[in-house]
Amino acid sequence: MELTREHFRTIIYNNFRRGLSQDKCLSELVSIYDVEAPSQTTIYRWYAEFRRGRVSLSTVSSAGRPRTAVTPENIAAVRTIILDDRHVTCEQIRAVISIEMTAIQSILHNELCKKASFPLGSPQFVRRAKGGSYRLVPEYSGTLQRREVKCRL
């Protein structure tokens with residue numbers, strides 16, 4: 000029988016309640032389960048949790064809400080919007096399908112492999128001149144071009 004993390008936590012909790020020290024708990028688990036036994040750090044961490052009063056052995060879910068916006072339907076919707084107009088902005092996509100900007104960016108970057116395309120005068124290559132106007136940095140003026148990025152459309 001393969002033991003899960005919850006099984007090992009139960010064993011560690013029982014050893015904690017029996018009054019075994021952390022080192023004795025570790026040596027007992029290693030003698031019984033050999034390489035499958037949890038590490039010393041894991042045992043020490045769980046002993047500290049039990050001393051603080053924790054009695055739940057299940058994993059605590061992380062904060063925040065689950066990722067529900069990156070669904071196959073939303074990915075397909077973004078894909079069709081991009082196929083209709085490849086110069087569409089994230090704001091325009093958000094107006095059409097009503098999902099958060101971070102979800103749109105995640106779909107574009109992770110799912111469709113699209114990257115932002117900047118014009119020749121993008122901010123990292125522009126310096127502010129006297130009088131508040133902007134000019135292109137000379138060393139980049141001849142070498143900058145838009146890059147084509149392959150995507151899964």
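Letter 148 of the sequence shown, counting from 1, is numbered 147 in numbering that gives the first Met the number 0, and no numbers are missing. Yeah, the Cβ is synthetic: ideal placement off N, Cα and C, and Gly gets one too. Note that this is a predicted model, so its numbers are computed, not measured.
The alpha helix (DSSP H) enclosing residue i, as first and last residue numbers
i             : result
aspartate 22  : 21-32
asparagine 14 : 4-17
asparagine 73 : 71-83
glutamate 48  : 39-50
alanine 94    : 89-96
alanine 102   : 100-105
Spatial distance of residue i from residue j (CA atoms)
i                : j             : result
serine 105       : valine 69     : 8 Å
alanine 76       : arginine 4    : 40 Å
asparagine 73    : arginine 85   : 17 Å
isoleucine 92    : serine 57     : 40 Å
phenylalanine 97 : histidine 108 : In the sequence on display, residue 97 carries serine and not phenylalanine. Taking the straight line joining both Cα atoms gives about 18 Å.
threonine 101    : glutamate 90  : 11 Å
phenylalanine 49 : aspartate 33  : 24 Å
serine 140       : threonine 88  : With a pLDDT of 43 at serine 140, under the threshold of 50, the predicted position of this residue should be treated as unreliable, though the coordinate-derived value follows. The straight-line gap from Cα to Cα measures roughly 25 Å.
serine 55        : isoleucine 80 : 47 Å
threonine 67     : glutamate 99  : 11 Å
Cβ neighbour criterion (16 or more within 10 Å) applied to residue i
i             : result
asparagine 14 : buried
tyrosine 46   : buried
leucine 2     : exposed
arginine 53   : exposed
isoleucine 31 : exposed
leucine 82    : exposed
alanine 94    : exposed
arginine 51   : exposed
proline 37    : buried
arginine 16   : exposed
cysteine 112  : exposed
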